[in-house]
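Accompanying notes for the structure given below.
Chains as they are written, first to last, in my numbering: chain C, 263 to 566; chain P, 2 to 531.
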């Protein structure tokens, strides 16, 4: 977001003009999109993420079988016309399970980040803007959460709460809160020094309006980038926890769990572990490329 | 399985009692003359009870600790590779009054690792310690018919029973029975006694070599009392390094690449790979351990016999699980004891797979499509095949209109819910390798801690006590058969299949005798490599 658009936002408040879908927002998105488009890797990432979203949305239509359909006669069969990626020990179609596995991955990825944003962003805004004792206490608390190794903390939370998909989301969400809180706080510290923020003080606008209308939009760039990258990470953590048997519960299709369960048959039928692993790899790659592209596109200093 | 029967009052004296039974019984024509020295590297799947050797005087440890303990300690009697009761510290014994008294004649000049004498007084101290601890000692339930013990003279030890009863199977085979530790060491180390195991066995243990979750070291006991058939001192090995490798895949790779010589447990699903591996010997035998789905009879739905019979009887396709999950390497199992256990009876015909009959029973109990039975199965991720078996079971349950939810948890959380709180409806586990049915009886009595399933059957308790009072092995066989039928009749214990056990080692490991989980003895093991 440019300086011009910032002051324009302030000017709008000053003039109390209410414009829906203001032209400056449209133009900003256009600029970002143009920059994103120029990066081939970012478009590649976007393409992967879109494919994944489509797969998850259309899983029931795309999958040739139910991911739970057991067929013991077809146990551990190699790829064939009937089962393009082969079957697992219980004769379940690997392709169908990989397709349905995307749902769990995305569900965990998105909801855990939303949870973290929902708590972390308001926390960062208020602590950064007001400072003081509340800031001090809240940030030390965040430090405590950050001080523990990530996986250790996730495993401890899972062991306490018991293994389930929703608890994975909760564990990941809790661990992500400090990251967003600190990121937002840092941005707010620099944003609040701007003259247009001073102007809102002079106008005695309500604190919520100042925070969410004038401060938050100017901290969006790092939040978007961090959220995209964190989604990729959340997908990996979900797969890891499921691999350890602490995440998604069988027989629900999950890439991490399928990877672990089929690992036993690595030497007898490598196909069945190749695809859950490949899916995790492509998904994470997609989110990471997109995240990197967005960072470049949103960074005003890299403007060409 | 053949087992030499013991006639009451007979004096069993092994002619070559000073020699270890492993040689006297089998001979070594194939293996050649043992080579001395070397380090055997072993992989175990878990740590040994955090380095605590409680000599069965505390709560139950894991299997791994028995398999370490039986190389550090001796018992009065033990089992041969044919599962006969054979001399260990006792060179002979007499059974007096149809099992009222047992007199053991001990080997002379046997020393503990700390140099003190292992005589009748020391043995008496161990037995008395176990009896004094009572229920706190988890094997006490096997020995609660003992009245008192006596040290008749320096090398004669006597056990007096409250009533004539059988004793030798429990002493020889039930998780090591009463291992004999040095009383001096126990007193010397005080509260830390269980971290300093001092026995008479072929190998010694030093707590300073122990690295938690990583390595257990056993070293040769140069003063071991047993000798081989040529009169050479045992053991042959200088040292045994037991590495903890939790991941079955990683352990298998370590064995195949020669980083380890001996893999304590091979995942049954890896057997086709091991069979093809060069230079690796694979051992197995009929199952001694069952794959159980415990039904908690304390609460719904399994307090209802009709639902137990429908879900654990006719609605469970044991054959399908054996064929698919274990790829035909396991036996479908209705009996409470698996085929490898003494006096097993094949009663699978009592519950053929019959979904219609299962549905009829469910209907009789008031359940149909609109009111299905729902329950949760808790399982742990110790063995990868648990989840496969549970998933297949879930699909079988769907066929009879029963909703089964799977909850997978780590072992400690699972143990807490299953062993301590009984907070479960159904729990899956491969549970305890057995010598005979009496070894399982810790779970048969109402009101005892280890009654995990909520047994409340006077008939079973009566039959079990009758078994214990019977010294004649043929008569015990009949009682064992009656017990198996009684359990199946009311579906008091739901086994799915046997849980096959596979062990593998490099082909340069010689003189080892596979004992299907009951023991892992290395006193006669040697390495045939330069």
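We treat Cβ as the ideally placed atom computed from N, Cα and C, and that holds for glycine. Since the structure is predicted, the reported quantities are computational estimates derived from the model, not experimental observations.
Residue 424 of chain P versus residue 413 of chain P: straight-line alpha-carbon distance, rounded:
The residue you call residue 424 of chain P lines up with position 423 of the second chain. The residue you call residue 413 of chain P lines up with position 412 of the second chain. Near 14 angstroms, if we compare the C-alpha coordinates of residue 413 of chain P and residue 424 of chain P.
Which residue spans inside the stretch 292-373 of chain C form an unbroken alpha helix (DSSP H) run of at least 4?
302-319 and 321-324
Any beta carbon from chain P within less than 9 angstroms of residue 513 of chain C's own beta carbon?
For the purposes of this step, residue 513 of chain C is taken as the residue at position 251 of the first chain. Closer than 9 angstroms: yes.
Please state the DSSP three-state secondary structure of residue 526 of chain P.
Your numbering for residue 526 of chain P matches position 525 in the second chain. Residue 526 of chain P falls in the coil class under three-state DSSP.
Please list, in chain order, the chain C residues whose beta carbon lies closer than 7 angstroms to that of residue 1 of chain P.
Residue 1 of chain P falls outside the range modelled here, since chain P spans only 2 to 531, and no answer is possible.
For residue 342 of chain C, count neighbouring C-beta atoms within 10 Å of its own C-beta (all shown protein chains included) and say buried if the count is 16 or more, exposed if not.
On the first chain, residue 342 of chain C is found 80 positions in, with the first residue counted as 1. When all chains shown are included, residue 342 of chain C counts as exposed.
Taking only runs of the alpha helix (DSSP H) that begin and end inside the stretch 147-226 of chain P, which ones reach a length of at least 4 residues, in chain order?
169-174 and 184-190
Cα separation between residue 495 of chain P and residue 201 of chain P?
Residue mapping note: residue 495 of chain P aligns to position 494 of the second chain, counting from 1. Residue mapping note: residue 201 of chain P aligns to position 200 of the second chain, counting from 1. Using only the alpha carbons, I get a separation of about 40 angstroms.
Nearest-angstrom Cα distance between residue 289 of chain P and residue 490 of chain P?
Here residue 289 of chain P corresponds to residue number 288 of the second chain, with the count starting at 1. Here residue 490 of chain P corresponds to residue number 489 of the second chain, with the count starting at 1. Residue 289 of chain P and residue 490 of chain P: Cα-Cα distance of roughly 22 angstroms.
With which residues is residue 538 of chain P paired in a DSSP beta bridge?
No statement about residue 538 of chain P is possible, as the shown extent of chain P runs from 2 to 531 and does not include it.
From the beta carbon of residue 132 of chain P, is the nearest beta carbon of chain C less than 9 angstroms away?
In the second chain, the residue the question calls residue 132 of chain P occupies position 131. Residue 132 of chain P does not count as touching chain C.
Against chain D, which members of the stretch 519-543 of chain C pass a CB distance test of less than 9 angstroms?
Checking the listed chains, one finds no chain D in this structure; the protein chains it contains are C and P.
With DSSP as the reference, label residue 22 of chain P as helix, strand or coil.
As a working mapping, residue 22 of chain P is identified with position 21 in the second chain. Residue confidence is low: residue 22 of chain P scores 44 on pLDDT, short of 50, so the model does not pin down where it sits. Its coordinate-derived value is still stated next. Note: residue 22 of chain P maps to helix in three-state DSSP.
Own chain, CB closer than 7 angstroms to residue 335 of chain C, minus 5 neighbours either side, in chain order
By 1-based counting over the first chain, the position of residue 335 of chain C is 73. For residue 335 of chain C, where only same-chain residues beyond five positions count, the Cβ hits under 7 angstroms are 353.
Which value, in whole angstroms, describes the spacing of the CA atoms of residue 527 of chain P and residue 38 of chain P?
Indexing the second chain from 1 puts residue 527 of chain P at position 526. Indexing the second chain from 1 puts residue 38 of chain P at position 37. For residue 527 of chain P and residue 38 of chain P, the distance between alpha carbons rounds to 8 angstroms.
Would you kindly work out how many angstroms separate the C-alpha atoms of residue 225 of chain P and residue 264 of chain P, rounded to a whole number?
Within the second chain, residue 225 of chain P is the residue found at index 224, counting from 1. Within the second chain, residue 264 of chain P is the residue found at index 263, counting from 1. In a straight line, the C-alpha of residue 225 of chain P is about 26 angstroms away from that of residue 264 of chain P.
Whole angstroms is fine: what's the gap from residue 296 of chain C's alpha carbon to residue 346 of chain C's?
Taking the first residue of the first chain as 1, we reach residue 296 of chain C at position 34. Taking the first residue of the first chain as 1, we reach residue 346 of chain C at position 84. One C-alpha to the other measures close to 39 angstroms.
First and last residue of the alpha helix (DSSP H) that includes residue 492 of chain P?
For this step, residue 492 of chain P is matched to residue 491 along the second chain. Here residue 492 of chain P belongs to no alpha helix (DSSP H), and DSSP marks it neither H nor E.
Does the CB of residue 432 of chain C have a neighbour CB from chain P at under 9 angstroms?
Counted from its first residue, the first chain places residue 432 of chain C at position 170. So no, residue 432 of chain C is outside the interface.
Going by C-alpha distance, which of C/364, C/359, C/294 and C/453 is nearest residue 545 of chain C?
Position 283 of the first chain, counted from the start, is the residue given in the question as residue 545 of chain C. Ranking C/364, C/359, C/294 and C/453 by Cα distance to residue 545 of chain C puts C/364 first.
Three-pair Cβ contact test at 8 angstroms for the stretch 401-420 of chain C versus the stretch 453-470 of chain C:
no
Determine the DSSP secondary structure at residue 81 of chain P, reduced to helix, strand or coil.
Here residue 81 of chain P refers to the residue found at position 80 of the second chain. Residue 81 of chain P falls in the coil class under three-state DSSP.
In angstroms, rounded to a whole number, what distance separates the CA positions of residue 30 of chain P and residue 517 of chain P?
As a working note, residue 30 of chain P is residue 29 in the second chain. As a working note, residue 517 of chain P is residue 516 in the second chain. Confidence is the limiting factor: at residue 30 of chain P the pLDDT is only 43, short of 50, which leaves the residue's position unreliable and the question unanswerable from this model.
Looking at the secondary structure, which residues open and close the beta strand (DSSP E) in which residue 499 of chain P lies?
As a position in the second chain, residue 499 of chain P is number 498, starting the count at 1. 496-499 is the extent of the beta strand (DSSP E) around residue 499 of chain P.
For chain P, find out if any of its Cβ atoms is closer than 9 angstroms to the Cβ of residue 262 of chain C; answer yes or no.
The requested residue 262 of chain C is not part of the displayed model; chain C covers only 263 to 566.
What are the boundary residues of the alpha helix (DSSP H) that includes residue 459 of chain P?
As a working mapping, residue 459 of chain P is identified with position 458 in the second chain. From DSSP, the alpha helix (DSSP H) with residue 459 of chain P extends over 459-470.
Between the alpha carbons of residue 454 of chain C and residue 461 of chain C, how many angstroms are there, rounded?
Mapped onto the first chain, residue 454 of chain C falls at position 192. Mapped onto the first chain, residue 461 of chain C falls at position 199. Going by the C-alpha atoms only, they are around 11 angstroms apart.
From residue 350 of chain C to residue 328 of chain C, what distance separates their C-alpha atoms?
The residue given as residue 350 of chain C occupies position 88 in the first chain. The residue given as residue 328 of chain C occupies position 66 in the first chain. Rounded to the nearest angstrom, the two C-alpha atoms are 13 angstroms apart.
Compute the distance between the beta-carbons of residue 297 of chain P and residue 427 of chain P, then report whether it is under 9 angstroms.
Within the second chain, residue 297 of chain P is the residue found at index 296, counting from 1. Within the second chain, residue 427 of chain P is the residue found at index 426, counting from 1. For residue 297 of chain P and residue 427 of chain P, yes; Cβs fall inside 9 angstroms.
Residue 327 of chain P - DSSP class collapsed to helix/strand/coil
Position 326 of the second chain, counting from 1, holds the residue named residue 327 of chain P. Residue state, collapsed to three classes: coil.
So is residue 431 of chain P in contact with chain C if we call contact Cβ pairs under 9 angstroms?
The count along the second chain starts at 1 and reaches residue 431 of chain P at position 430. Not one chain C Cβ lies under 9 angstroms of residue 431 of chain P.
Suppose you measure from the CA of residue 153 of chain P to the CA of residue 121 of chain P; what does that come to, to the nearest Å?
By one-based count along the second chain, residue 153 of chain P stands at place 152. By one-based count along the second chain, residue 121 of chain P stands at place 120. About 8 angstroms.
Would residue 56 of chain P and residue 203 of chain P qualify as a contact pair, given that the criterion is a beta-carbon distance under 9 angstroms?
By one-based count along the second chain, residue 56 of chain P stands at place 55. By one-based count along the second chain, residue 203 of chain P stands at place 202. Going by C-beta atoms, residue 56 of chain P is not nearer than 9 angstroms to residue 203 of chain P.
Have a look at residue 382 of chain C and residue 429 of chain C and give me their C-alpha separation to the nearest angstrom.
Here the question's residue 382 of chain C lines up with position 120 in the first chain. Here the question's residue 429 of chain C lines up with position 167 in the first chain. The straight-line gap from Cα to Cα measures roughly 18 angstroms.
When the Cβ atoms of the stretch 357-375 of chain P are set against those of the stretch 337-344 of chain P, are three or more pairs found closer than 8 angstroms?
no
Beta strand (DSSP E) segment containing residue 45 of chain P, residue limits:
Translated into positions along the second chain, residue 45 of chain P becomes position 44. Where residue 45 of chain P is concerned, the enclosing beta strand (DSSP E) stretches over 40-45.
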